[in-house]
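Chains as they are written, first to last, in the numbering used here: chain Z, 1 to 306; chain B, 307 to 587; chain P, 588 to 1163.
Just so you know, even glycine gets a beta-carbon here, dropped at the ideal spot from N, CA and C.
Model, not experiment: these values are computed from the prediction.
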Amino acid sequence: MAAYLLRRLMRAALILLGVSLITYVLLFLLPADPARQVAGRTASVAQVEQVRHQLGLDRPVWEQYGRYIARLASGDLGRSYVQRSQVSELVGSRLPATLLLMVGAIFCELLFGLTLGAFAAFRRNTLMDQGIMLGAFFFVSQPQFFLSYLLLYLFAVILGWFPIGGYGDFKHLVLPAVTLGLIGTGWYARIMRSSVIEVLRQDYVRTARAKGLTRGRTILVHIVPNALLPILAMIGLDIGTFMGGIVVVESVFGWPGIGQLTWQAIQQIDIPIIMGVTLVSACAIVLGNLLADLVAPLIDPRIRLK
Amino acid sequence: MIVAALLKRKLALLGLVIITVFVLAAIFAPFIAPFPPEQQFFEGLTLEGAPLPPNAQFWLGTDLLGRDLLSRLLFGSQATLLVGVVANGIALVIGAVIGMTAGYLRGWAATLLMGFTDLMMSFPILLLAILLAAMTSPGLWKVAFVIAMVSWVQVARVVYAETMSLSEREYVVAVRSVGASTPRIILRHILPHLLPTLIVWGTLGIATTSLFEAVLSYLGVGVQPPTPSWGNMVNENQTYFESAPWLVFFPSLCIGFLALAFNLIGDALRDILDPTLRGRH
Amino acid sequence: MNRLLASASIIALLGLGACGEEKKEEAQSQAAPAATSEAASTATSEAAPAASEAAAPMASEPKQGGSMIVTFKDDLPTLDPAIGYDWKNWSVIKSVFDGLLDYKPGTTEIVPDLAESFETSVDGLTYTFKLRHGVKFHNGREMTAADVKYSLERMINPATQSPGAGYYSGLKGFAEFQAGSAKEVSGITTPDDYTVKIELTAPDATTLHLMALNFSFVVPKEEVEKSGADFGKKPVGTGAFKVTEWTSGQKIILERNADYYRQGIPRLDKITFEIGQEPVVALLRLQKGEIDIAGDNVPPAKFTEVMNDPAMKDLVTMDDQLQTGYIAMNVNIPPFDKVAVRQAVNMAINKDRIVQLINNRAVPANQPLPPAMPGYDKAYKGYAFDVEGAKAKMKEAGLEGGVETDMYVMNTDPQPRIAQAIQQDLSNIGIKVNLKSLDMGTVIAAGGKKDGAPMIWSGGMAWIADFPDPSNFYTAILGCGGAVDGGWNWSWYCNKDLDKRAGEANAMTDPAKAAERAAAWGKIFTDLMTDAPWAPIFNEKAVGIHSKRVAGPNGIFADPIHIPVNYDEVYATDGK
């Protein structure tokens, strides 16, 4: 177990290194010029070059990257080109909101998705099944802005049940989390339904049921563990999506998450912020996957940690 | 045979009909569209510059440039279908190959392949899209490529997890012990069990692809204006959903129907293709 | 450059002479010069059918106390006056800091601020500022001449990376200081604690504007040194408000500076900036009465709805900007190396329709200068919309068979839409335009390369003057100096003769010759249109909106300098 963890952590470090390298090189290849953006439109060519030199952007890319990694190793994510603040501070201040919304959204996805998926599977090929899946599916195919704004308009503006966006207490969390939850529900319901049907068909489950196992026990003993494997993988993916930025939902609900920071930084080619956000997201994803893999054998004993 | 089986199912038939309609629309758009999709009509806007709701001349109304929405929808099916099918196809193939190989072989191959997958997955999608855009000039095929590059990763993860589980199952262990070759085991004993998963991802993926295409349009790497696609139509009009709902409603409806159709067919295919069910239906 | 939506409007006049020896209060009560009021009335009558500033007079007396909420979609990047260069933080910085000079609220007229008075030498090379006594920084220390010198040198110092430093290159000793060969800028001296002397290498009529620009605002050395690069997040100035709370990405709270040198200013006790919401949603909140000012203005999608709603209509302000939306045609790239083709483009575009497309929130343009800018030539007719004439020009260029080219455009609504309208117009005269709708940085990079972009639609990145002087529209974007790798002259037009005339016009520093100078500038821009490196399309207006609860002196919500409003002057009618 300890050896496994060590190996995984080493791999995680390698992944992060790879992510940082690729991002850095791609940013370097962009035609847009950060030095010009920082220097402003009044700057002469010489002044732009001076800024480029100060930012270290006049050096070969491998040297720039080397310096970045060296600073990173000492825990320094650098300073934003545009905002001049510490990147760690900027990202750090957005992280709690992002994590909170992520947890809320995944909770909603699981709540809606798993319930509906299992329900549909047990009533397979009935009208109920079709209806549920159509409904779940409807939300998957909605543009994020449309759905967010619709929910906001309905529940906050017209009904007044929730605040019109913002960040603070539980009430603020509900709408954005439900929006994201609904968007993801289709995926979870679909996978849950498929997995449950798959399991129901497997010989050992049929045997179990033939042997007189009650329906409740069948679900508990066989279906839940089996269905949860792909669901776990889905959650791993979701962490990636949510950490990478959910710009639209965040901006409709005025949620101070990482997505808006990323989006602004991309537009301003603020390399230190882009790098910082990328690395933080990567960290979260790697950790999420590690957790999913650690939990997997607990659910399905046939999977061993290797 | 599969087609015959599909035709027997009412819902699948419905899906097929919808897709056929869209495909026909894409092929015959130049003949059936009432106007050229890019023509901006002076009378297509109010004096205040607001778009027109559906009326006798423009059946589905006009967009923000005074263009006929119906014509744009018809032509938009071309870009949408092309991007959806191509992007999803590429993503499924890459994802399945990598996921199965890693999941079955395990060991260093898995470490390497899934390491690469994790690495790719760790990129913020928006950033990756912009960066890729900067490398080449924008176009339909690039949009498909960009979407495939960010979606195969998810397929690979799921396939990997399922393959790991499948390769531990009794029957796989059994055929392995009688000396079946690795490619044979993967193709004959693992792939068929993965098909349901792949189909689920493939069908739902078409809907996601259409939406993702809209996001890419927003970033300037999507289908370039004035070429219409349902995704960029939803995107360029979405803030108007209160003041000009038809602009958002019709393209959304099309994307919804498209996704729904693929879903219905995928569902049916799943039943037909599932080896454990074959011949017993 | 980042002040994308900044608005600076209506009146622009260098009527500086009279203000020289006056106190601010007197300057405010003084009647506006004739030309100014004429311009103002024209603008007002233009805006009147749609907007309301004139229709809804601010009857109530200014009240003290209370608070308001302002929303912005994007976070304020920094409040460091040397660095902030964005239309959102521009005005907030003006409330936290002060400069030697300022603009009279609601106008572009220069008035003394931290300087009590100033004098200009006869040769136009020396400016002497007498500082106000007893002005205190938020930390309690008195501001002196040394602070002014320190602030200017800090801004000019390359290590600060101020995007505005280039404006001050006319100061004596600027080059030496920037290069590091001098420890101070020799052109900035402090004969005593309350006197600052600025010396120039050549006469420059824009100097007073430079001393009213944010970049020159006064900062306390000890606080800058204490906070280092974080000074922009922990700003300390002499202004009417101080920053008491800043939660990145969420909110910024300004509170009244009780020690502010102007009596009764600011009116409000507290302003809260809420960050991160879509403009469409911010408007919903405004309709619900939850917020007072939608900082991102009325989004296009809501414009028609708001204007048709009697309750909302009166809250809207239409605000002219010192802005021109134009197509830059690269004179190095065929077919735009031919004057006839560039002229044809000017004639082929139906500007009225484009203005209609953006809900009439603009006026068609025929010259680079916006109407509110001194030097704008009202008599100039420009190129009329004439498709046949344009076709003839194409034939003259030998291109009647048609030609294909690329146009770069920034990829946020409504820019691609406007570009598509241009595309259709140009297709009528045989120019097939392929659109490259890309992110702003990529478009700017393409424009800065000699063979990068054949055409650029400037929308979203359009030139908005930092100060109301015509020179601001020439040097970098149409002069030879900007036609360099990485420059902002996207048409790569370089006319040595015009450059010479521009230099001469700038040297006319005598306030008495302001009108003559403006006319000289105007002629430069209309002469330039003969070569047609640009196709000017429209001058856009900013459409602001505020709640009924807040008010201010007339014109405050259409302030040319402060976007969305002059925070110092606005008050809450209910005092809450």
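Extent of the continuous alpha helix (DSSP H) run through residue i
i         : result
Z/Ser93   : 87-122
B/Leu398  : 375-411
Z/Ser44   : Neither: Z/Ser44 is in no alpha helix (DSSP H) and is coded neither H nor E.
Z/Pro176  : 170-201
Z/Arg7    : 2-29
P/Pro1003 : 1002-1014
P/Gly976  : 974-983
P/Ser1024 : No alpha helix (DSSP H) contains P/Ser1024, which is instead part of the beta strand (DSSP E) from 1018-1025.
P/Phe716  : Unbroken run through P/Phe716 is the beta strand (DSSP E), 713-718; no alpha helix (DSSP H).
Under 8 Å between C-beta atoms of residue i and residue j
i         : j         : result
P/Met1048 : P/Ile1031 : yes
P/Gly1162 : P/Gly653  : yes
P/Tyr755  : P/Phe761  : yes
Z/Pro230  : Z/Ile191  : yes
B/Tyr410  : B/Ile496  : yes
B/Leu371  : P/Leu944  : yes
P/Asp1086 : P/Gly1066 : yes
P/Ala732  : P/Thr777  : yes
P/Val698  : P/Tyr690  : yes
P/Leu956  : P/Phe1060 : yes
B/Ile571  : B/Leu312  : yes
Expected contact under 8 Å - CB spacing of residue i and residue j to nearest Å
i         : j         : result
P/Pro866  : P/Asp883  : 4 Å
B/Trp552  : B/Leu376  : Contact doesn't hold; Cβ gap of about 10 Å is too wide.
P/Val990  : P/Gly1017 : 7 Å
B/Val449  : B/Glu519  : 6 Å
P/Lys650  : P/Arg854  : 7 Å
P/Gln1002 : Z/Gly165  : With 8 Å as the limit, P/Gln1002 and Z/Gly165 do not qualify as a contact, their Cβ atoms being about 26 Å apart.
P/Ser1078 : P/Asn953  : 17 Å between Cβ atoms; not a contact.
P/Leu787  : P/Gly757  : 5 Å
P/Phe1168 : P/Glu810  : Residue 1168 of chain P is absent from the model: chain P starts at 588 and stops at 1163.
B/Leu380  : B/Pro557  : In fact, because the Cβ distance is near 12 Å, the residues do not count as touching under 8 Å.
P/Ile656  : P/Thr859  : 5 Å
Minimum Cβ-Cβ distance from residue i to chain A less than 8 Å
i        : result
B/Leu425 : Any reference to chain A falls outside this structure, whose protein chains are Z, B and P.
Span of the beta strand (DSSP E) around residue i
i         : result
P/Ile839  : 838-843
P/Ile914  : 910-916
P/Glu706  : 702-707
P/Trp1044 : 1042-1044
P/Lys1128 : 1121-1132
(message) Under 8 Å, with one C-beta from each stretch per pair, do the region 826-846 of chain P and the region 773-786 of chain P reach the 3-pair mark?
(response) Counting Cβ pairs under 8 Å, fewer than three are found: no touch.
(message) Three or more C-beta pairs under 8 Å: does that hold for the region 401-414 of chain B against the region 457-468 of chain B?
(response) Flag = yes, the region 401-414 of chain B and the region 457-468 of chain B touch.
(message) Which residues of the region 1042-1057 of chain P have a Cβ closer than 7 Å to any Cβ of chain B? Give them in chain order.
(response) Flagged: no residues at all.
(request) Would you list, in chain order, the members of the region 750-770 of chain P that have their beta-carbon closer than 8 Å to a beta-carbon of chain Z? (result) Going along the region 750-770 of chain P in chain order, one finds Pro750, Gly751, Ala752, Gly753, Tyr754, Ser756, Gln765 with a Cβ nearer than 8 Å to chain Z.
(request) Could you run through the region 336-364 of chain B and flag, in chain order, every residue whose CB is less than 9 Å away from some CB of chain P? (result) Cβ contacts with chain P come from Glu344, Gln345, Gln346, Phe348, Leu351, Thr352, Leu353, Glu354, Gly355, Ala356.
(request) Could you list the residues in the region 524-551 of chain B with a C-beta less than 8 Å from some C-beta on chain Z, going in chain order? (result) Answer in chain order: Val540, Asn541, Gln544, Thr545, Phe547, Glu548.
(message) Assess contact between the region 73-83 of chain Z and the region 141-151 of chain Z, defined as three or more Cβ pairs (one per stretch) separated by less than 8 Å. Is contact present?
(response) With a cut-off of 8 Å, the region 141-151 of chain Z and the region 73-83 of chain Z do not count as touching, because too few Cβ pairs lie within range.
(request) Taking only beta carbons into account, state which residues of the region 1025-1041 of chain P come closer than 8 Å to chain Z, listed in chain order. (result) Within the region 1025-1041 of chain P, the qualifying residues are Asp1026, Met1027, Gly1028, Thr1029, Ile1031, Ala1032, Ala1033, Gly1035.
(message) For the region 280-300 of chain Z against the region 345-356 of chain B, do three or more pairs of beta-carbon atoms, one drawn from each stretch, fall closer than 8 Å, so that the two count as touching?
(response) The region 280-300 of chain Z, when compared against the region 345-356 of chain B, does not touch it at the 8 Å Cβ threshold.
(request) Could you say if the region 543-562 of chain B and the region 500-510 of chain B meet the contact criterion of at least three C-beta pairs nearer than 8 Å? (result) Touching, no.
(message) Does the region 932-948 of chain P come into contact with the region 1120-1131 of chain P, if we say contact requires no fewer than three beta-carbon pairs (one atom in each stretch) closer than 8 Å?
(response) The region 1120-1131 of chain P and the region 932-948 of chain P touch, with three or more beta-carbon pairs separated by less than 8 Å.
(message) Between the region 78-92 of chain Z and the region 152-167 of chain Z, can you find at least three pairs of beta-carbon atoms closer than 8 Å?
(response) Counting Cβ pairs under 8 Å, fewer than three are found: no touch.
(request) Taking only beta carbons into account, state which residues of the region 361-391 of chain B come closer than 7 Å to chain P, listed in chain order. (result) Within the region 361-391 of chain B, the qualifying residues are Leu370, Leu371.
(request) Count the C-beta pairs between the region 408-422 of chain B and the region 464-478 of chain B that are closer than 8 Å, then say yes if the count reaches three, no if not. (result) Short answer: they touch.
(message) Counting only Cβ-Cβ distances shorter than 8 Å, please list the residues of the region 40-71 of chain Z near chain P, keeping chain order.
(response) Answer in chain order: Gly40, Arg41, Thr42, Ala43, Ser44, Val45, Gln47, Val48, Gln50, Val51, Gln54.
(request) Could you tell me whether the region 172-192 of chain Z touches the region 94-114 of chain Z, where touching means 3 or more Cβ pairs closer than 8 Å? (result) Touching, per the Cβ criterion.
(request) With 8 Å as the limit, tell me which residues of the region 1075-1087 of chain P have their beta carbon closer than that to any beta carbon of chain Z; keep them in chain order. (result) Cβ proximity to chain Z below 8 Å picks out Trp1075 from the region 1075-1087 of chain P.
(request) Specify whether the region 25-34 of chain Z and the region 261-274 of chain Z touch according to this definition: at least 3 beta carbon pairs, one from each stretch, less than 8 Å apart. (result) The region 25-34 of chain Z vs the region 261-274 of chain Z: in contact.
(message) Does the region 867-882 of chain P come into contact with the region 1093-1101 of chain P, if we say contact requires no fewer than three beta-carbon pairs (one atom in each stretch) closer than 8 Å?
(response) Contact between the region 867-882 of chain P and the region 1093-1101 of chain P is absent, because fewer than three Cβ pairs lie under 8 Å.
(message) What are the residues in the region 827-840 of chain P lying within 8 Å of chain Z by C-beta distance?
(response) Taking 8 Å as the cut-off between beta carbons, the residues of the region 827-840 of chain P near chain Z are Thr834, Ser835, Gly836, Gln837, in sequence order.
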